[in-house]
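Engineer: From first to last, the protein sequence lines are chains R and E. Here the first sequence is numbered in our numbering, starting from 12 and rising by one per residue. Here the second sequence is numbered in our numbering, starting from 12 and rising by one per residue. We treat Cβ as the ideally placed atom computed from N, Cα and C, and that holds for glycine. Encoded as structure tokens, here's the structure I'll be asking about.
Protein chains: 2
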Amino acid sequence: MNEPLLERIERVRQAQRGKYYLNDTVVSMAHGSGGKSSQALIEGLVVPALHNPELARLEDCARLQAGGQRLVVTTDSYVIDPIFFPGGDIGSLAVHGTLNDLATSGAEPLGLTLAMILEEGFPLDSLRRILESAGEACRRAGVSIVTGDTKVVGRGKCDQIFLTTTGVGWIRVSHQLSMDSVQPGDRILISGPVGDHGVAIMGARGDMGLELDVLSDSAPVSSMARRLLEEIASVRCLKDPTRGGVATALNEIAQKSGCAIAVEEGQVPVRAEVRGACELLGLDPLYVANEGRLLAVVPEAFAQQALEILQADEAGREARIFATALAEPVGTVYLRTSLGGTRVLDMLAGAPLPRIC
Amino acid sequence: MNEPLLERIERVRQAQRGKYYLNDTVVSMAHGSGGKSSQALIEGLVVPALHNPELARLEDCARLQAGGQRLVVTTDSYVIDPIFFPGGDIGSLAVHGTLNDLATSGAEPLGLTLAMILEEGFPLDSLRRILESAGEACRRAGVSIVTGDTKVVGRGKCDQIFLTTTGVGWIRVSHQLSMDSVQPGDRILISGPVGDHGVAIMGARGDMGLELDVLSDSAPVSSMARRLLEEIASVRCLKDPTRGGVATALNEIAQKSGCAIAVEEGQVPVRAEVRGACELLGLDPLYVANEGRLLAVVPEAFAQQALEILQADEAGREARIFATALAEPVGTVYLRTSLGGTRVLDMLAGAPLPRIC
Numbered sequence: 012m013n014e015p016l017l018e019r020i021e022r023v024r025q026a027q028r029g030k031y032y033l034n035d036t037v038v039s040m041a042h043g044s045g046g047k048s049s050q051a052l053i054e055g056l057v058v059p060a061l062h063n064p065e066l067a068r069l070e071d072c073a074r075l076q077a078g079g080q081r082l083v084v085t086t087d088s089y090v091i092d093p094i095f096f097p098g099g100d101i102g103s104l105a106v107h108g109t110l111n112d113l114a115t116s117g118a119e120p121l122g123l124t125l126a127m128i129l130e131e132g133f134p135l136d137s138l139r140r141i142l143e144s145a146g147e148a149c150r151r152a153g154v155s156i157v158t159g160d161t162k163v164v165g166r167g168k169c170d171q172i173f174l175t176t177t178g179v180g181w182i183r184v185s186h187q188l189s190m191d192s193v194q195p196g197d198r199i200l201i202s203g204p205v206g207d208h209g210v211a212i213m214g215a216r217g218d219m220g221l222e223l224d225v226l227s228d229s230a231p232v233s234s235m236a237r238r239l240l241e242e243i244a245s246v247r248c249l250k251d252p253t254r255g256g257v258a259t260a261l262n263e264i265a266q267k268s269g270c271a272i273a274v275e276e277g278q279v280p281v282r283a284e285v286r287g288a289c290e291l292l293g294l295d296p297l298y299v300a301n302e303g304r305l306l307a308v309v310p311e312a313f314a315q316q317a318l319e320i321l322q323a324d325e326a327g328r329e330a331r332i333f334a335t336a337l338a339e340p341v342g343t344v345y346l347r348t349s350l351g352g353t354r355v356l357d358m359l360a361g362a363p364l365p366r367i368c
Numbered sequence: 012m013n014e015p016l017l018e019r020i021e022r023v024r025q026a027q028r029g030k031y032y033l034n035d036t037v038v039s040m041a042h043g044s045g046g047k048s049s050q051a052l053i054e055g056l057v058v059p060a061l062h063n064p065e066l067a068r069l070e071d072c073a074r075l076q077a078g079g080q081r082l083v084v085t086t087d088s089y090v091i092d093p094i095f096f097p098g099g100d101i102g103s104l105a106v107h108g109t110l111n112d113l114a115t116s117g118a119e120p121l122g123l124t125l126a127m128i129l130e131e132g133f134p135l136d137s138l139r140r141i142l143e144s145a146g147e148a149c150r151r152a153g154v155s156i157v158t159g160d161t162k163v164v165g166r167g168k169c170d171q172i173f174l175t176t177t178g179v180g181w182i183r184v185s186h187q188l189s190m191d192s193v194q195p196g197d198r199i200l201i202s203g204p205v206g207d208h209g210v211a212i213m214g215a216r217g218d219m220g221l222e223l224d225v226l227s228d229s230a231p232v233s234s235m236a237r238r239l240l241e242e243i244a245s246v247r248c249l250k251d252p253t254r255g256g257v258a259t260a261l262n263e264i265a266q267k268s269g270c271a272i273a274v275e276e277g278q279v280p281v282r283a284e285v286r287g288a289c290e291l292l293g294l295d296p297l298y299v300a301n302e303g304r305l306l307a308v309v310p311e312a313f314a315q316q317a318l319e320i321l322q323a324d325e326a327g328r329e330a331r332i333f334a335t336a337l338a339e340p341v342g343t344v345y346l347r348t349s350l351g352g353t354r355v356l357d358m359l360a361g362a363p364l365p366r367i368c
């Protein structure tokens, strides 16, 4: 039954590509959202233009081989606005983001690189604060920024500071982590409340015209990921649900695995302030970015053990088992609401929260 | 005699730092020039803020260990203006630049990453051209872009497109390549005419108000570097003289090694158009950026062999032995002019050619 599913997914993708080619001639904010438009841009333009089958796997990390060593490399640019926000800044965010991509691929970090694009006139005191914050995030994780680059552009040619961090890691113990491996019956955990980062950023931008007491969750998930992988050999996959939020991450898993995913609305941890802010803005917290949360998919038999591992970590005390993989409807994510109804959770469309990371 | 030299260099650096702290409170274009101000920013702010001794080596590449494998990682952001220019574009430039950093560190590429920051409204046709060019540069070099990232910022928040490429390589045969290892008597080669890239960019910008028939030299130096390292065990160091040009690269070698370097003006290969354009603009071609030239330092006994190796490569047919390392004056680079005089070639100061890469 596996082939027809994949063919169907491919047809949907082809259709999306066609649509994308018909509608878009220039870059839009949605292309950077991490959702549907981002996927269309990558599948419809980036991968064909580069003629690159390896990139077509579209995962956050790539695997490399050097002699007998299995390496992992991941890269991300950070263009967040504002650059200082409750719970972090662009420097610590970049380090945490890169560490989390390595951790969710089962890799231990060997080193990070940091490339900076600075706007002429950017205060050196702000640069120092950002770098000290990045350095502190590295020290806590026991990793170093090993090389970097600095470019400067004129006033008005970038917005203060953009960072690009790349992480190189190695896989010391092999895990068959892969979104493809998720099977019906598997349970899905989240390490803490969803949507904190996105709401903290909106609050810092003054988008809501009110003071919020929400901090970004920006933090490494490395220790939780490491313990899960050490103690549960059959972890299917790990993800950090950043741009596009938990719903978009679950859609990627559903598309890659061909499973359906049912989310129990009552089991999704959401802070009251985050829920309130999202209601005000007409957003669903499941689509709001997180920067320190771990999604884990494990076989049902290991779900309780995984929950205990997450809750034993300071960063995972509010972890929950909140979703289940099912056989059908193929490739679909849906919410079982508290009132007993169901609602499809598609990938993020549009760009409701630009420059969130 | 080695200690006093290093102490003296350290005193000079301390003095530069002091000056930098007194004068600068915001980022200036010169901080991105690759010359003195860039060095002051990195040594005076970036390295102390990150508390990172490994970064303090200030080389373009960092070494990492994974099991028994020696890895090299290098990262660069590209903010060149214009993004399409005679002889290349931002896509091929980024790939060549990263390949050249790996090649000059003696590493073979394992894979590249590509992070894009796009301005809302950027034409997708231009993006496709840039990515096809990057893909073609990769194919020629037998390397792939293995993972990437896409961010979008609003109109006026970046200038069309910025790319950051990171290269991961491995060192299969160990060479003690290091600027520290350069010794008095060593000879220095350049693989071709200097200044082509910078002059081509200025021409494309219309800075000179005249049509120029100069193409950027943007190209990989990998095959020349590989053959030099295969055939000459005692190569001291390789460099690609990009921002700040050949003079700045030689100053780095002089500072790190404690040697003096004498450049024979008559032996510096410069195209007539490049020389003419530089005269018009009051620039010295030795400070103008190259993107496909290889600087090699070898013991005198191997200089002729190295020259033959370079000249046997299509990219190195105009190679020359153009400079010599000497014992004194310590850490200084100077030009022996065709008329028999001498002139000190300091590191690049200021930012005469912003956004050259």
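(1) Chain E partners of ALA60 of chain R, CB-CB under 7 Å?
(2) Contact between the stretch 310-327 of chain R and the stretch 189-202 of chain R: three or more CB pairs below 8 Å?
(3) Give me the residue from E:GLU319, E:ALA330 and E:MET40 with the minimum Cα distance to ALA362 of chain E.
(4) Excluding the five sequence neighbours on either side, which residues of its own chain have a C-beta within less than 8 Å of the C-beta of SER227 of chain R, listed in chain order?
(5) Checking 9 Å against the spacing of the C-beta atoms, do CYS368 of chain R and ASP71 of chain R come in under that value?
(6) What's the C-alpha gap between ILE128 of chain E and THR253 of chain R?
(7) Which residue marks the beginning of the beta strand (DSSP E) containing ILE156 of chain R, and which one marks its end?
(8) Tell me PHE173 of chain R's beta-bridge partners as DSSP assigns them.
(9) Who are the Cβ neighbours of VAL257 of chain E in its own chain at under 6 Å, not counting the five residues just before and after it?
(10) Please state if the CB of LEU306 of chain R and the CB of ASP251 of chain R are separated by a distance shorter than 9 Å.
(11) Mapping the DSSP letters down to three states, classify CYS248 of chain R as helix, strand or coil.
(12) Determine the closest residue to MET190 of chain R out of R:GLY102, R:VAL232 and R:GLY117, with distance taken between C-alpha atoms.
(13) Which two residues bound the contiguous beta strand (DSSP E) that contains GLN5 of chain E?
(14) Alpha helix (DSSP H) containing ARG237 of chain R: first to last residue?
(15) Tell me which residue opens and which closes the alpha helix (DSSP H) that CYS289 of chain E is part of.
(16) Quick check on DSSP: helix, strand or coil for THR109 of chain R?
(17) Between ALA77 of chain R and chain E, is the shortest Cβ-Cβ distance under 9 Å, so that the two count as touching?
(18) PRO120 of chain R to ARG81 of chain E, Cα distance in whole Å?
(19) Can you give me the start and stop residues for the alpha helix (DSSP H) that THR259 of chain E sits inside?
(20) Grouping DSSP H, G and I as helix and E and B as strand, with all else coil, what is GLY146 of chain E?
(21) Hey, does GLN187 of chain R have any beta-carbon neighbour from chain E nearer than 9 Å?
(22) So what's ILE367 of chain E in DSSP terms, helix, strand or just coil?
(23) List the whole-angstrom C-beta distance separating VAL1 of chain R from VAL232 of chain R, where the pair is believed to meet the contact cut-off of C-beta under 8 Å.
(24) Give the secondary structure of GLY151 of chain E by DSSP, where H, G and I count as helix, E and B as strand, and everything else as coil.
(25) Within 10 angstroms of the Cβ of GLU369 of chain E, are there 16 or more other Cβ atoms? Answer buried if so, exposed if not.
(26) Mapping DSSP to helix, strand and coil, what is VAL193 of chain R?
(27) Using 9 Å as the threshold, is the C-beta distance between GLY159 of chain R and VAL57 of chain E below it?
(28) What residue ranges within the stretch 289-363 of chain R form continuous beta strand (DSSP E) runs of no fewer than 3 residues, ordered along the chain?
(29) On the premise that LEU125 of chain E lies in contact with ALA145 of chain E, defined as a C-beta separation below 8 Å, what is that separation, rounded to the nearest angstrom?
(30) Would you verify that the beta carbon of PRO93 of chain R is, or is not, closer than 9 Å to some beta carbon of chain E?
(31) Determine the closest residue to MET185 of chain E out of E:TYR345, E:ILE243 and E:THR353, with distance taken between C-alpha atoms.
(32) Please state the DSSP three-state secondary structure of GLN278 of chain R.
(33) Check the C-beta distance from ALA323 of chain R over to ALA230 of chain R and give it rounded, since I have them as a contact under 8 Å.
(34) Between ILE320 of chain E and SER192 of chain R, what straight-line distance do the alpha-carbon atoms span, to the nearest angstrom?
(35) For GLU54 of chain E and chain R, any beta-carbon pair shorter than 9 Å?
(36) Using only the alpha-carbon positions, how far apart do GLU329 of chain R and MET235 of chain R sit?
Structural biologist: Once the coordinates are examined:
(1) As a first step, residue 60 of chain R must be located in the first sequence, where it is residue number 49. Result: ARG139, LEU142, GLU143 and GLY146.
(2) yes
(3) Here residue 362 of chain E is taken as the residue at index 351 of the second sequence, counted from 1. Comparing Cα positions, the closest option is E:MET40.
(4) On the first sequence, residue 227 of chain R is found 216 positions in, with the first residue counted as 1. Cβ neighbours of SER227 of chain R beyond the five flanking positions: PHE96, PRO97, GLY98, GLY99, LEU104, ASP207, HIS208, ALA211, ILE212, GLU302 and GLY303.
(5) Taking the first residue of the first sequence as 1, we reach residue 368 of chain R at position 357. Taking the first residue of the first sequence as 1, we reach residue 71 of chain R at position 60. Against a cut-off of 9 Å, the Cβ pair of ASP71 of chain R and CYS368 of chain R comes out as no contact.
(6) Sequence index remark: in the second sequence, residue 128 of chain E carries index 117 (1-based). Sequence index remark: in the first sequence, residue 253 of chain R carries index 242 (1-based). Their backbone Cα atoms lie some 17 Å apart in a straight line.
(7) For the purposes of this step, residue 156 of chain R is taken as the residue at position 145 of the first sequence. Where ILE156 of chain R is concerned, the enclosing beta strand (DSSP E) stretches over 156-164.
(8) Counting from 1 along the first sequence, the entry for residue 173 of chain R is found at position 162. Note: PHE173 of chain R sits in a beta bridge opposite R:ILE128.
(9) Locating residue 257 of chain E in the second sequence gives position 246, counting from the first residue. Contacts found: VAL205 and LEU297.
(10) Here the question's residue 251 of chain R lines up with position 240 in the first sequence. Here the question's residue 306 of chain R lines up with position 295 in the first sequence. For ASP251 of chain R and LEU306 of chain R, yes; Cβs fall inside 9 Å.
(11) By one-based count along the first sequence, residue 248 of chain R stands at place 237. Correct three-state label for CYS248 of chain R: strand.
(12) Within the first sequence, numbered from 1, the residue matching residue 190 of chain R stands at position 179. Nearest option by C-alpha distance: R:GLY117.
(13) Absent from the structure is residue 5 of chain E, since the part of chain E shown begins at 12 and ends at 368.
(14) Here residue 237 of chain R refers to the residue found at position 226 of the first sequence. Start and end: 233-242.
(15) If you number the second sequence from 1, residue 289 of chain E lands on position 278. 283-292 is the span of the alpha helix (DSSP H), which, as asked, contains CYS289 of chain E.
(16) Here the question's residue 109 of chain R lines up with position 98 in the first sequence. If DSSP states are grouped into helix, strand and coil, THR109 of chain R belongs with the helices.
(17) Walking along the first sequence from the start, residue 77 of chain R turns up at place 66. At least one chain E Cβ lies under 9 Å of ALA77 of chain R.
(18) Translated into the one-based positions of the first sequence, residue 120 of chain R becomes position 109. Translated into the one-based positions of the second sequence, residue 81 of chain E becomes position 70. So the alpha carbons of these two residues sit roughly 15 Å apart.
(19) Residue mapping note: residue 259 of chain E aligns to position 248 of the second sequence, counting from 1. Unbroken alpha helix (DSSP H) run through THR259 of chain E: 256-268.
(20) Looking up residue 146 of chain E in the second sequence gives position 135. In the structure shown, GLY146 of chain E sits in a helix (DSSP, three-state: H, G or I).
(21) Looking up residue 187 of chain R in the first sequence gives position 176. False, the Cβ-Cβ gap to chain E never drops below 9 Å.
(22) Here residue 367 of chain E is taken as the residue at index 356 of the second sequence, counted from 1. In the structure shown, ILE367 of chain E sits in coil (DSSP, three-state: anything other than H, G, I, E or B).
(23) Residue 1 of chain R is absent from the structure shown; chain R starts at 12 and stops at 368.
(24) Position 140 of the second sequence, counted from the first residue, corresponds to residue 151 of chain E. Residue identity check: residue 151 of chain E is Arg in the sequence provided, not Gly. Helix, per DSSP.
(25) An answer regarding residue 369 of chain E cannot be provided, because it is not within the stretch 12 to 368 covered by chain E.
(26) On the first sequence, residue 193 of chain R is found 182 positions in, with the first residue counted as 1. Looking at VAL193 of chain R - three-state DSSP - the assignment turns out to be coil, as it is neither helix nor strand.
(27) As a first step, residue 159 of chain R is located in the first sequence; it is residue number 148 there, counting from the start. As a first step, residue 57 of chain E is located in the second sequence; it is residue number 46 there, counting from the start. Yes, they are a contact pair.
(28) The beta strand (DSSP E) runs lying completely inside the stretch 289-363 of chain R and spanning 3 residues or more are 306-309, 331-337, 344-347 and 353-355, given in chain order.
(29) To locate residue 145 of chain E, count along the second sequence from 1; it is residue 134. To locate residue 125 of chain E, count along the second sequence from 1; it is residue 114. Their Cβ separation, rounded to whole angstroms, is 7 Å, which keeps ALA145 of chain E and LEU125 of chain E in contact under 8 Å.
(30) As a first step, residue 93 of chain R is located in the first sequence; it is residue number 82 there, counting from the start. PRO93 of chain R is outside the set of residues whose beta carbon lies under 9 Å from a beta carbon in chain E.
(31) For the purposes of this step, residue 185 of chain E is identified with residue 174 of the second sequence, where counting begins at 1. It is worth fixing the name first, because residue 185 of chain E is Ser in this sequence and not Met. Comparing Cα positions, the closest option is E:ILE243.
(32) Working through the first sequence from its first residue, we reach residue 278 of chain R at position 267. Residue state, collapsed to three classes: helix.
(33) Within the first sequence, numbered from 1, the residue matching residue 323 of chain R stands at position 312. Within the first sequence, numbered from 1, the residue matching residue 230 of chain R stands at position 219. No, ALA323 of chain R and ALA230 of chain R are not in contact; Cβ-Cβ is about 16 Å, not under 8 Å.
(34) As a working mapping, residue 320 of chain E is identified with position 309 in the second sequence. As a working mapping, residue 192 of chain R is identified with position 181 in the first sequence. Each residue's Cα considered, the two are about 51 Å apart.
(35) Taking the second sequence and counting its residues from 1, the one referred to as residue 54 of chain E is at position 43. No, no contact with chain R.
(36) Translated into positions along the first sequence, residue 329 of chain R becomes position 318. Translated into positions along the first sequence, residue 235 of chain R becomes position 224. If you take the alpha carbons of GLU329 of chain R and MET235 of chain R, they lie about 13 Å apart.
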